[in-house]
Amino acid sequence: MTTQLAPLPVVIPLAAAGILAGLNKFTPRRLADIVSILVSAAVLGISLDLMNAAARQPILYWFGGWTPRSGVALGISFAIDPVGAGLASFASLLVLSAFVFSWRYFESVGTLFHALMLVFLAAMCGFSLTGDLFNLFVWFELMSAAAYALCGYKIEEVGPLQGALNFAITNTVGAFIVLTGIAVLYGHTGALNLAQIGRALGSDSSPIVIVAFVFIMAGFFVKAAIVPFHFWLADAHAVAPTPVCILFSGVMVELGLYAVARVYWSDMDGPFAPHRMALTSLLLSVGTITAAVGGMMCFAQQHIKRLLAYSTISHMGLMLIGFALLKPAALAGVALYVIGHGLVKSALFIVAGILLHRYATVDELRLHGHARRLHVTAGVWVFAGLGLAGLPPFATFLGEAAIEDAGEKAGQGWVWVVFLVSAVLTAGAVFRVGARVFRGWGTRQKSARGSKEIADKPETTPSRRGVPPQLFGPAAVLAALALAVGVTPGVRGVAQTAATRMADAAGYQAIVLDHASIPVNPPPVEHVFPMSSVLRGVVATGLALALAALSLSRYWRREYIVFKPVRGLISGLQQVHSGHVGDYVALLTLGVAAFGIVLPVLMKLGL
Amino acid sequence: MSLLPFAIAAWLFIIGLYGVVTSKNFVHLIMCLVIVQSSTYVLLLAIGYKVGGVAPVFAGVKVGTPAVDPVVQALMLTDIVVEATVAALLLALAVQAQKRFRTLNPDKLQELRG
Numbered sequence: 001m002t003t004q005l006a007p008l009p010v011v012i013p014l015a016a017a018g019i020l021a022g023l024n025k026f027t028p029r030r031l032a033d034i035v036s037i038l039v040s041a042a043v044l045g046i047s048l049d050l051m052n053a054a055a056r057q058p059i060l061y062w063f064g065g066w067t068p069r070s071g072v073a074l075g076i077s078f079a080i081d082p083v084g085a086g087l088a089s090f091a092s093l094l095v096l097s098a099f100v101f102s103w104r105y106f107e108s109v110g111t112l113f114h115a116l117m118l119v120f121l122a123a124m125c126g127f128s129l130t131g132d133l134f135n136l137f138v139w140f141e142l143m144s145a146a147a148y149a150l151c152g153y154k155i156e157e158v159g160p161l162q163g164a165l166n167f168a169i170t171n172t173v174g175a176f177i178v179l180t181g182i183a184v185l186y187g188h189t190g191a192l193n194l195a196q197i198g199r200a201l202g203s204d205s206s207p208i209v210i211v212a213f214v215f216i217m218a219g220f221f222v223k224a225a226i227v228p229f230h231f232w233l234a235d236a237h238a239v240a241p242t243p244v245c246i247l248f249s250g251v252m253v254e255l256g257l258y259a260v261a262r263v264y265w266s267d268m269d270g271p272f273a274p275h276r277m278a279l280t281s282l283l284l285s286v287g288t289i290t291a292a293v294g295g296m297m298c299f300a301q302q303h304i305k306r307l308l309a310y311s312t313i314s315h316m317g318l319m320l321i322g323f324a325l326l327k328p329a330a331l332a333g334v335a336l337y338v339i340g341h342g343l344v345k346s347a348l349f350i351v352a353g354i355l356l357h358r359y360a361t362v363d364e365l366r367l368h369g370h371a372r373r374l375h376v377t378a379g380v381w382v383f384a385g386l387g388l389a390g391l392p393p394f395a396t397f398l399g400e401a402a403i404e405d406a407g408e409k410a411g412q413g414w415v416w417v418v419f420l421v422s423a424v425l426t427a428g429a430v431f432r433v434g435a436r437v438f439r440g441w442g443t444r445q446k447s448a449r450g451s452k453e454i455a456d457k458p459e460t461t462p463s464r465r466g467v468p469p470q471l472f473g474p475a476a477v478l479a480a481l482a483l484a485v486g487v488t489p490g491v492r493g494v495a496q497t498a499a500t501r502m503a504d505a506a507g508y509q510a511i512v513l514d515h516a517s518i519p520v521n522p523p524p525v526e527h528v529f530p531m532s533s534v535l536r537g538v539v540a541t542g543l544a545l546a547l548a549a550l551s552l553s554r555y556w557r558r559e560y561i562v563f564k565p566v567r568g569l570i571s572g573l574q575q576v577h578s579g580h581v582g583d584y585v586a587l588l589t590l591g592v593a594a595f596g597i598v599l600p601v602l603m604k605l606g607l
Numbered sequence: 608m609s610l611l612p613f614a615i616a617a618w619l620f621i622i623g624l625y626g627v628v629t630s631k632n633f634v635h636l637i638m639c640l641v642i643v644q645s646s647t648y649v650l651l652l653a654i655g656y657k658v659g660g661v662a663p664v665f666a667g668v669k670v671g672t673p674a675v676d677p678v679v680q681a682l683m684l685t686d687i688v689v690e691a692t693v694a695a696l697l698l699a700l701a702v703q704a705q706k707r708f709r710t711l712n713p714d715k716l717q718e719l720r721g
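As given, the protein sequences belong to chains Y and U, one line each in that order.
Going by the numbering used here, the first sequence opens with residue 1, and the numbers climb by one from there.
Going by the numbering used here, the second sequence opens with residue 608, and the numbers climb by one from there.
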């Protein structure tokens with residue numbers, strides 16, 4: 001029964017999108033709203049059901065009935081495990097909240113917006129559920145095409161146009177790099193099914209396999225916004241409509257990392273078995289750099305959406321660190337972190353959207369003290385900020401603690417420092433914005449951007465009357481969910497089982513190719529986190545609050561000698577983020593080359 | 608199997624990227640992107656090519672006749688379709704840039720930075 005549901009998360013939204021786009025001229029706006037909300041709710045329900053069923057036994061669906069014969073898969077399959085179905089559910093939850101939010105928010109959009117969002121949803125679901133490498137690429141491209149169009153929705157302004165072009169060009173280059181990797185891997189193994197590739201590779205770590213993996217990994221890292229492939233993200237987020245930002249930051253970027261993890265765990269764990277340390281060292285350093293660059297750029301912003309975008313980059317670095325440990329326990333931590341981060345970040349973006357709705361700007365300095373009367377909205381902002389800092393018992397804390405715990409066991413006990421720094425910088429920036437905008441703390445400053453300021457045209461007719469519940473409702477619910485997930489008993493067990501399942505390449509191959517039925521591993525015993533990780537979460541939040549307070553005080557603006565190198569570093573970083581697409585692609589190419597050189601060198605050194 | 612097609616694929620990839628990085632015109636830049644994409648066509652076809660193989664149409668052909676790999680051809684066709692969409696979208700954005708802001712130069716279309 002459940003197997004028959006497998007294609008529906010893709011089929012339903014695609015069909016609805018086609019109908020909405022075709023009847024664009026005749027569909028009243030409210031009808032499109034209702035249809036879209038119902039469709040995304042239905043997809044959420046089906047994906048949750050799939051996740052439940054997949055927890056017992058992964059679900060296989062062969063399109064057209066092309067089941068594999070004697071271990072050769074010619075057909076295309078959806079191979080649904082709890083992680084994939086969980087991501088599909090999460091994507092549909094965020095799409096649902098984006099639709100609820102845009103009920104009142106977006107007044108000028110036609111129904112084409114709804115059609116694009118539904119295509120985006122279908123592509124994200126297909127991307128999470130597929131078991132075929134080329135199919136993964138096709139969903140990736142469909143997802144990207146919908147995302148480019150959504151990003152440039154307000155095409156009549158310079159900003160969205162530039163942001164959409166930068167986004168589309170860099171991500172298309174990334175897609176070609178992925179495709180090259182897929183072609184090389186197909187040439188080597190003769191297979192496109194992930195399970196069959198894994199079986200064909202075995203423990204073959206010939207140079208061509210490493211090259212293919214570097215291409216696939218680097219290409220997906222463009223989507224995952226890992227330094228130095230991240231430049232498009234801030235531009236795209238600063239200009240995309242708020243409901244779209246929710247999806248970009250909350251789930252699309254994370255799907256880039258999911259693809260790398262999926263390919264690694266189903267195909268590359270065998271080839272890399274003797275070289276795990278090399279891959280771990282490379283990815284740990286890249287993740288650390290990403291977390292640091294994102295955090296510093298985040299703190300330096302005054303454009304609130306751009307600030308949140310850089311915070312996403314920083315948190316992607318943290319998730320990459322979790323993946324880099326190459327342990328199922330750490331992967332479980334990443335899964336929890338993705339959910340916690342996606343929920344609080346979406347809530348923060350919605351609040352930014354509310355500010356844009358009321359005051360027609362999201363410049364922190366211009367908004368100084370303007371939003372004193374939005375008490376509920378301010379509460380949601382600070383609450384989500386606490387979640388971003390990883391305060392126990394938010395879901396972000398659970399993820400962070402699991403990753404740190406796995407790091408300690410893998411001899412990488414230092415990773416908590418990166419988590420701490422990232423949390424202090426990003427949550428500190430969020431608290432600073434909150435204090436300035438909602439309380440009017442700190443001295444009033446002229447917006448330094450002056451004429452260069454990003455024009456924030458309101459997406460609605462600004463209204464001074466209260467904030468309607470359709471606007472802050474989704475934000476409050478999402479932020480509360482981040483806490484609820486964190487306190488749900490057994491959630492870590494579920495994540496752990498799901499991650500173990502994803503990391504079991506041999507089991508995956510047997511299920512997909514040999515129609516085997518692999519019994520579920522009993523849910524591992526949940527051990528209590530050491531007091532130290534709880535303490536770290538509290539300390540990070542405290543330090544973030546302290547940093548926010550310091551940055552608003554009069555001491556911040558004095559030219560102390562210790563600030564000098566930091567300021568120099570940040571202004572250097574800002575110059576690299578030039579907004580010029582040619583620079584972005586050049587750095588992206590250098591990044592791929594660096595990966596291709598450093599990884600083999602590390603492997604040779606046996607690190 | 609000759610290495611020439613692979614060398615051509617690599618060359619197209621690199622020269623296309625060079626064009627994307629240095630371009631001063633969005634239409635030119637998008638064409639360079641299409642050249643990068645052409646490298647993936649050449650690569651895919653080269654991977655599936657078999658010396659002496661027939662086209663993969665098996666009606667009236669003896670069993671065991673060597674044929675070129677049809678899978679990569681299907682991949683390439685899909686690739687063309689997908690990328691045609693993206694190229695059309697990008698060109699539409701470029702048209703908007705010219706219409707509304709009278710420029711196709713990435714250096715002139717600068718609002719976001721830092």
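C-beta atoms are modelled at their ideal positions from N, C-alpha and C, and glycine is treated no differently.
From a predicted model like this one, the values you see are computed outputs, not experimental measurements.
Anticipated Cβ contact below 8 Å, residue i with residue j, distance rounded
| i | j | result |
| --- | --- | --- |
| U/LYS657 | U/ALA674 | 7 Å |
| Y/CYS151 | Y/ALA240 | 4 Å |
| Y/GLY317 | Y/SER249 | At roughly 14 Å, the Cβ-Cβ gap does not stay under 8 Å, so Y/GLY317 and Y/SER249 are not in contact. |
| Y/GLY389 | Y/LEU348 | Reading off the sequence, residue 389 of chain Y comes out as Ala, not Gly. With a Cβ gap of about 12 Å, Y/ALA389 and Y/LEU348 do not count as contacting. |
| Y/LEU49 | U/LEU719 | What sits at residue 49 of chain Y in the sequence shown is Asp, not Leu. Not quite, the Cβ-Cβ distance comes to about 42 Å (not below 8 Å), so this is no contact. |
DSSP beta-bridge partners of residue i
| i | result |
| --- | --- |
| Y/ASN658 | Since the first residue shown for chain Y is 1 and the last is 607, residue 658 of chain Y is missing from the structure and cannot be characterised. |
| Y/ARG61 | Checking the sequence shown, residue 61 of chain Y turns out to be Tyr, not Arg. The partner list for Y/TYR61 (beta bridge, DSSP) reads Y/PHE78. |
| Y/ARG69 | Y/VAL72 |
| U/ALA674 | U/VAL661 |
| Y/ASP363 | Y/HIS303 |
Cβ shell of residue i (< 8 Å), same chain only, five flanking positions each side left out
| i | result |
| --- | --- |
| Y/LEU161 | GLY152 and ILE155 |
| U/VAL668 | VAL661 and ALA674 |
| Y/LEU590 | PRO228 |
| Y/LEU386 | PHE394, ALA427 and THR541 |
Separation of residue j from residue i, as counted between CA atoms
| i | j | result |
| --- | --- | --- |
| Y/VAL491 | U/THR672 | 56 Å |
| Y/ASP608 | Y/GLY84 | Because chain Y spans 1 through 607 in this model, residue 608 of chain Y falls outside it and cannot be assessed. |
| Y/TYR148 | Y/ILE177 | 18 Å |
| Y/GLN496 | Y/VAL485 | 15 Å |
| Y/ALA352 | Y/ALA482 | 18 Å |
| Y/PRO530 | Y/GLY181 | 42 Å |
| Y/SER97 | Y/LEU320 | 27 Å |
| Y/ALA259 | Y/PHE220 | 7 Å |
| Y/LEU87 | Y/MET51 | 9 Å |
| Y/MET268 | Y/LYS223 | 20 Å |
| Y/PRO469 | Y/ILE570 | 39 Å |
Contacts around residue i, its chain only, beta-carbon distance under 7 Å, and the 5 residues preceding and following it disregarded
| i | result |
| --- | --- |
| Y/HIS370 | TYR359 and VAL437 |
| Y/ALA123 | TRP139, LEU142, MET143 and ALA146 |
| Y/VAL424 | ALA540, LEU543, ALA544 and LEU547 |
| U/ALA653 | PRO612, PHE613 and ALA616 |
| U/THR647 | ASP686 |
Same chain, Cβ closer than 6 Å to residue i, neighbours up to 5 away in sequence not counted
| i | result |
| --- | --- |
| Y/GLY434 | TRP381 and VAL382 |
| Y/ALA79 | LEU60, GLY131 and VAL512 |
| Y/ALA195 | TYR508, GLN509, VAL512 and LEU513 |
| Y/THR111 | LEU20, ASN24, THR27 and ALA32 |
| Y/ILE403 | GLY322, ALA330 and GLY333 |
| Y/ILE246 | LEU94, ALA98, SER346 and PHE349 |
| Y/ASN193 | ALA73 and ASP132 |
| Y/LEU14 | ALA122 |
Closer than 8 Å: residue i CB and nearest the ligand PLP heavy atom
| i | result |
| --- | --- |
| Y/VAL72 | Ligands are entirely absent from the displayed structure, and the ligand PLP is therefore not among its contents. |
| said: Counting only Cβ-Cβ distances shorter than 8 Å, please list the residues of the region 704–721 of chain U near chain Y, keeping chain order. | reply: Those residues of the region 704–721 of chain U that come within reach of chain Y (Cβ to Cβ, closer than 8 Å) are ALA704, ARG707, PHE708, PRO713, ASP714, LEU716, GLN717, GLU718, LEU719, ARG720 and GLY721.
| request: Could you list the residues in the region 155–177 of chain Y with a C-beta less than 7 Å from some C-beta on chain U, going in chain order? | output: Within the region 155–177 of chain Y, the residues whose Cβ lies closer than 7 Å to some Cβ of chain U are ILE155, GLU156, VAL158, GLY159, LEU161, GLN162, GLY163, ALA164, LEU165, ALA168, ILE169, THR172, VAL173 and PHE176, listed in chain order.
| field | Near-chain U residues of the region 570–598 of chain Y - C-beta to any C-beta below 7 Å | value | Across the region 570–598 of chain Y, CB contacts with chain U closer than 7 Å involve GLN574, HIS577, SER578, GLY579, HIS580, VAL581, GLY582, VAL585, ALA586 and THR589, in sequence order along the chain.
| Residues of the region 127–140 of chain Y with Cβ closer than 7 Å to any Cβ of chain U, in chain order | Listed by position, the residues of the region 127–140 of chain Y near chain U (Cβ gap below 7 Å) are PHE134 and VAL138.
| request: Could you name the residues of the region 232–243 of chain Y whose beta carbon sits closer than 8 Å to any beta carbon of chain U, in the order they occur along the chain? | output: Listed by position, the residues of the region 232–243 of chain Y near chain U (Cβ gap below 8 Å) are ALA234, ASP235, ALA238 and VAL239.
| message | Beta carbons nearer than 8 Å to chain U: which residues of the region 140–153 of chain Y have them? | response | Answer set for the region 140–153 of chain Y: GLU141, LEU142, SER144, ALA145, TYR148, ALA149 and GLY152.
| message | Beta carbons nearer than 7 Å to chain Y: which residues of the region 639–660 of chain U have them? | response | Near chain Y, meaning a CB-to-CB distance below 7 Å, the residues of the region 639–660 of chain U are LEU640, VAL643, GLN644, THR647, LEU650, LEU651 and ILE654.
| What residues in the region 658–684 of chain U have a beta carbon less than 8 Å from any beta carbon of chain Y? | Within the region 658–684 of chain U, VAL678, VAL679 and LEU682 place their CB atoms closer than 8 Å to a CB of chain Y, listed in sequence order.
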